[in-house]
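Q: The structure under discussion is supplied below as structure tokens; questions concerning it will follow.
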Amino acid sequence: MLIAQIFAEDVENTVNIEGEEFELEDDNKYEREKAQISEKMRSSIEKKIARKIALREVAKKRQFDRKTSKIHRKLKKINTQIEGLQKRLHIYSKTRKSLKIKRTKLISQKKAAILKIKELRTSMQAKITKMEMKAMKKGKKINLTKKRALQLIQKNQARKIVREFTIKENRIKRQLKQLESKKSIMRRKIVHLQGIGKYLRAKLANVLKQKQEYAKKIQNKRIELVKKAMRYAKVFAMLRGTIIQNY
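Here the numbering used here is used: the first residue of the sequence shown is 1, the next is one more, and so on.
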């Protein structure tokens, strides 16, 4: 009924061409003018339907565009975050590699220091033995205080060297452990963000699919409305023609 009301005026305007009525006696002229009227009506009907659907179509298109724009912004943000995390992960890997090299050098130095301690211990023992031999030759007793002092000096030196290396090694171990923990957290974050990105891409594909389906639906709707309107228009034209013929 709505279509009938909308297009009744078009039929009224298009039945007469330049104020002339159909000459029903001339069949060829009637068919030719009818074709012209039909084409003119179709053009007018299509324009009116396009205007009527356009507002709804534009609103829906904007809705789809807002959704896609929002998803694109989120994806861009996630990609930026992933890039940042991957850079940090790369830095952690480089630092870890550097610390491992440092630790290897430290272990090598520690081994060299232990050998040096053993040499010092042997040297100290040789000194004590020399002192004992010297005292025996003189028929004297060895100075126990001096002997203990030398042993204590040697022991303290060895303890100090070992402690320094142990502190350094433990510090590197802690740093390596912290780096491993940070790397693990970074990897989990990256996996999580990649999962969100995958979900958003699937959502974007779904929105684009809906957009295409809606465009197809609108196109079909437009064709359907034009056909329906043309049917109504033809009825009006026939009625108008009958009225003119009767007059």
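C-beta atoms are modelled at their ideal positions from N, C-alpha and C, and glycine is treated no differently.
Does the segment 66 to 73 touch the segment 113 to 132, meaning 3 or more C-beta pairs lie closer than 8 Å?
A: Because the criterion of three Cβ pairs below 8 Å is not met, the segment 113 to 132 and the segment 66 to 73 do not touch.
Q: Taking contact to mean at least 3 C-beta pairs separated by less than 8 Å, is the segment 205 to 217 in contact with the segment 56 to 70?
A: yes
Q: If you measure from the CB of I107, is any heavy atom of the ligand GDP nearer than 6 Å?
A: Only the bare structure without any ligand can be found here, which leaves the ligand GDP out of the picture.
Q: What would DSSP say about G139, mapped onto helix, strand or coil?
A: Reduced to three states, the DSSP call for G139 is coil.
Q: Count the other C-beta atoms from every protein chain shown that fall within 10 angstroms of the C-beta of A149, then say buried if there are 16 or more, exposed otherwise.
A: exposed
Q: From T80, K60, I161, pick the residue whose C-alpha is nearest to that of Q109; which is it?
A: Selected option, being the one with the closest Cα: I161.
Q: Out of curiosity, what's the CA-to-CA distance linking V226 and K77?
A: One alpha carbon belongs to V226, the other to K77, and they sit about 45 Å apart.
Q: Is it true that the CB of Q154 sits closer than 7 Å to the CB of L120?
A: Yes, Cβ-Cβ distance for L120 and Q154 is below 7 Å.
Q: According to the Cβ coordinates, are M186 and L99 closer than 7 Å?
A: no
Q: Run the CB neighbour count on I49, radius 10 Å, all protein chains shown included, and call it buried at 16 or more, exposed below.
A: buried
Q: Would L106 and K168 be called neighbours here (beta carbons separated by less than 7 Å)?
A: yes
Q: In whole angstroms, give me the CA-to-CA distance for I190 and R171.
A: Approximately 28 Å, taken between the alpha carbons.
Q: Quick one: using the 10 Å Cβ neighbour count with 16 as the cut-off for buried, is A229 buried or exposed?
A: Answer is buried; the Cβ neighbour count reaches 16.
Q: Below 7 Å CB to CB, which residues in the same chain sit around E180 once its five sequence neighbours on both sides are set aside?
A: none
Q: CA-CA distance, R159 and I101?
A: 25 Å
Q: Would you mind giving the Cβ-Cβ distance between K221 and I53, rounded to the nearest angstrom? I have them listed as a contact below 8 Å.
A: 7 Å
Q: Closest to L200 by CA distance: which of R51, K140, N79, R56 is it?
A: N79
Q: State yes or no: is the C-beta of L193 within less than 7 Å of the C-beta of I91?
A: no
Q: Quick one, which of K60, L176, M124, K118 has its alpha-carbon nearest L152's?
A: M124
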